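In the working numbering, the protein residues as written are 136 to 275.
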């Protein structure tokens, strides 16, 4: 799954950064729940790429690294899911990233567990974690 995603995202001649954001809820209470699949994906990606997640900025734990010479910023907002825009919006703005360089990973109860869907366009679909991003212009 991560290899397929990497091929899709990193076939570019321009080494502009990507921002990968995994949505979830902070705290031990939510670890291992389906709602935190975004956090788990970011953790797995960070480990597979040797990226250390040891910095806090814009209400998120994040790390920076490279994948095939393309810079990536990976983040786990430390706000609750329905406030994720308070972290993701400022991170994208800080790094001056346009919408097409931001990928958001989240759970989707309309999909079977373990199924990944990549959307180029779409709405928030009543997902409480995507609504704040939509309102801040980070989703379309």
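The C-beta atom is built at its ideal place from N, Cα and C for all residues, glycine as well. Being a predicted model, the structure only gives us computed values, none of them experimental.
Please classify residue i as buried or exposed, where buried requires at least 16 neighbouring CB atoms within 10 angstroms.
| i | result |
| --- | --- |
| residue 162 | exposed |
| residue 179 | exposed |
| residue 154 | buried |
| residue 189 | exposed |
| residue 231 | exposed |
| residue 220 | buried |
| residue 198 | buried |
| residue 150 | exposed |
| residue 262 | Here residue 262 scores only 46 on pLDDT, less than 50, and its place in the model is too uncertain to base an answer on. |
| residue 275 | Reliability fails at residue 275, whose pLDDT of 36 lies under 50, so the model's placement of it is uncertain and the value that follows must be treated cautiously. When all chains shown are included, residue 275 counts as exposed. |
| residue 211 | buried |
| residue 234 | exposed |
| residue 159 | buried |
Kindly identify the DSSP beta-bridge partner or partners of residue i.
| i | result |
| --- | --- |
| residue 238 | 155 |
| residue 211 | 196 |
| residue 201 | 206 |
| residue 191 | 196 |
Just to check my reading of the structure: residue i and residue j have Cβ atoms closer than 8 Å, yes? What is that Cβ distance to the nearest angstrom?
| i | j | result |
| --- | --- | --- |
| residue 173 | residue 241 | 5 Å |
| residue 156 | residue 207 | Residue 156 to residue 207, Cβ: 11 Å. No contact. |
Three or more C-beta pairs below 8 Å linking the segment 216 to 225 and the segment 183 to 203: yes
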